[in-house]
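See below:
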């Protein structure tokens, strides 16, 4: 038994269990942030890899992995090249209902910080305080971003 | 789904959110996420490699910050110990005061408002803070580790900066700070008065710790210790430093120096204005910087204040903090856009990606657009990028490789992009007469505005934009007739 595995058992969850349960949600979180299926999977894999490397040291692997995805998506978004934007990644409108299309359209146009806040709130289901802590910004900023984002969403959804 | 705290979301711009919107958004987001099927796959070296490199750079940046913090924590007078009293310390390298006469013309406040600003809204370009804390050798020894950062205040006289002070709170115990020191009273509060050649100011007890306000002005412009410094200390009271309401005499530096400079307009009876001016040469990260600047400005307002950030030029944002919604609306309504040509921004700011080649660009009154050829994608991969701004928002967008750029008979190409508030486009590389551009048939509530054909170093081009003439008209898609040929512009 490896040290990591032994430690995982003490924690009550092995990395394998963590990976099996969290990879898909992490990938979907990354997908909402990047709109690229391939990049989403890679970011989720990278995040899981980071968690694995630090499994003994981190207290909250889910939060750690989530922020690894957010940070990875941010880096990708800032440095992507035209060649990396792969058309066809985004589901076609026929795959989605009207609300999902509207939300996708708004997300696509939001600055990255606003997109992160909205996705963490309404997909990852984090509380305002948790979002503020993870993004290292004031709760007031989170509230303002959510309000503005909801206002834009509302326009699209109506 | 957790409770989404409806009542906690502060309307920042006055818009109200209908009940059920949050749940619809959450449901739609889950539906959108479910459309993606996660799939473990081999890493793609062309993307993952560079991404990992970038993550490594990011990690290095974090490390540097950490080392900086460590240096701060260990930046101690080795002759001191926790039991020793604070010793006179050299102050920071003072910030060079900047007066309004040295401000570039585009920063003069009057151009931003259709109505005269209140007399108390004196515009002051505040000097960049000069490395607060790090230059100090405070003799607080171990206690200095509890300082997160300092806040710089400038002192004004007739609208001119005459000096600067650094204020910060420390967990240093008051009994250690005041032991064997001359203690005076400021507004009924015990204070240690420091009046050495290198250190001038006060320490006072606050919340079991210590607050310091020190003069960081050049010796030739030393502030009055019992006037300027004591007055600010008194005004600060027990309130957190970032809650300080600027006065016509004392202005808190609202922002860090990195990424731009700020202008505070003080506070009158209705509004406070804080302006952030980014450096014009923001490069390809400009869009991100604007978003960051937006957040930085917004963070300057208290959670319960009514505020709005308005972008008045590509590099220039103003935070309006008001007492009520009416005052906010009035102040925002009075703000004016800065003409692009006066913004100090050139096209280099809008290079889409490093290495891309600009093949066409235009500068209509409403913004800027350009077409670039991807450095890696060859001629088949052209990117149309447009940026529009007005007081209701800033729109930007771009097309993807090979998307919607039909080639016309004369070899010119048509680009269009749907932005949040309008559709913009261009016919690039014309060789014949200027094209006619009209709204397609059976489209109501929209109007095409066409700029005259212009000639640049990249050749001829005609710019157009589609705007709403009726509220509620669908601006998400439109058929545009270019010389009678239908061009489909949609999201």
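Chains as they are written, first to last, in my numbering: chain A, 1 to 158; chain B, 159 to 649. All C-beta atoms, glycine included, are put in the ideal place defined by N, C-alpha and C.
From the listed residues 39/A, 52/A, 44/A, 26/A, the smallest Cα separation to residue 16/A is found for 52/A. With distances taken between CA atoms, residue 157/A lies nearest to 175/B out of 391/B, 327/B, 175/B, 568/B. Identification of residues in the region 122-135 of chain A having a C-beta nearer than 9 angstroms to some C-beta of chain B yields 122, 123, 125, 126, 127, 128, given in sequence order. Between residue 73/A and residue 43/A a beta carbon distance of about 6 angstroms is seen, short of the 8 angstroms cut, so the two are scored as contacting. Pairing residue 609/B with residue 109/A, the inter-Cα distance amounts to about 26 angstroms.
Taking CB atoms only, residue 615/B has no neighbour in chain A less than 9 angstroms away.
By the Cβ neighbour-count rule, residue 195/B is exposed, with fewer than 16 other Cβ atoms within 10 Å of its own.
In this structure, residue 581/B lies away from residue 643/B, with their beta-carbon atoms at least 9 angstroms apart. At least one beta carbon of chain B lies nearer than 9 angstroms to the beta carbon of residue 119/A. Taking the beta carbon of residue 65/A as reference, no residue of chain B falls within 7 angstroms; the closest one sits roughly 13 angstroms away. If you ignore the 5 residues before and after residue 189/B, its C-beta comes within less than 6 angstroms of no other C-beta in its own chain. Around the CB of residue 60/A, fewer than 16 other CB atoms lie within 10 Å, so the residue is classed as exposed.
Counting along the chain, no alpha helix (DSSP H) covers residue 626/B; the unbroken beta strand (DSSP E) around it starts and ends at 617-626. For a Cβ distance threshold of 7 angstroms, residue set 183, 186, 187, 190 of chain B lies close to residue 103/A, ordered along the chain. One thing to note: residue 321/B has its Cβ within 9 angstroms of the Cβ of residue 379/B. The C-beta of residue 489/B comes no closer than 9 angstroms to any C-beta of chain A. At the C-beta level, residue 616/B and residue 586/B come within 9 angstroms of one another. For residue 146/A, the enclosing alpha helix (DSSP H) has its first and last residue at 139-157.
In the DSSP assignment, residue 335/B falls outside any beta strand (DSSP E) and within the unbroken alpha helix (DSSP H) covering 332-336. Rounded to whole angstroms, the Cβ separation of residue 611/B and residue 588/B is 7 angstroms, and the two are in contact under 8 angstroms. Around residue 133/A, the same chain offers no residue with a beta carbon nearer than 8 angstroms, after the five sequence neighbours per side are excluded. Excluding five sequence positions before and after residue 349/B, the CB atoms of its chain that fall closer than 6 angstroms to its own CB belong to 342, 360, 362, given in chain order. The alpha-carbon of residue 186/B is positioned some 9 angstroms away from that of residue 98/A.
Residue 181/B carries a helical assignment under DSSP once its states are collapsed to helix, strand and coil. For the pair residue 33/A and residue 69/A, the CB atoms are nearer than the 9 angstroms cut-off.
Distance between residue 564/B and residue 66/A, taken at the CA atoms: about 41 angstroms. Residues of the region 139-154 of chain A with a C-beta atom less than 7 angstroms from some C-beta of chain B are 139, 140, 141, 143, 144, 146, 147, 148, 150, 151, 153, 154, listed in chain order.
Taking the CA atoms as reference points, residue 396/B sits about 16 angstroms from residue 311/B. Under the three-state reduction of DSSP, residue 69/A is assigned to helix.
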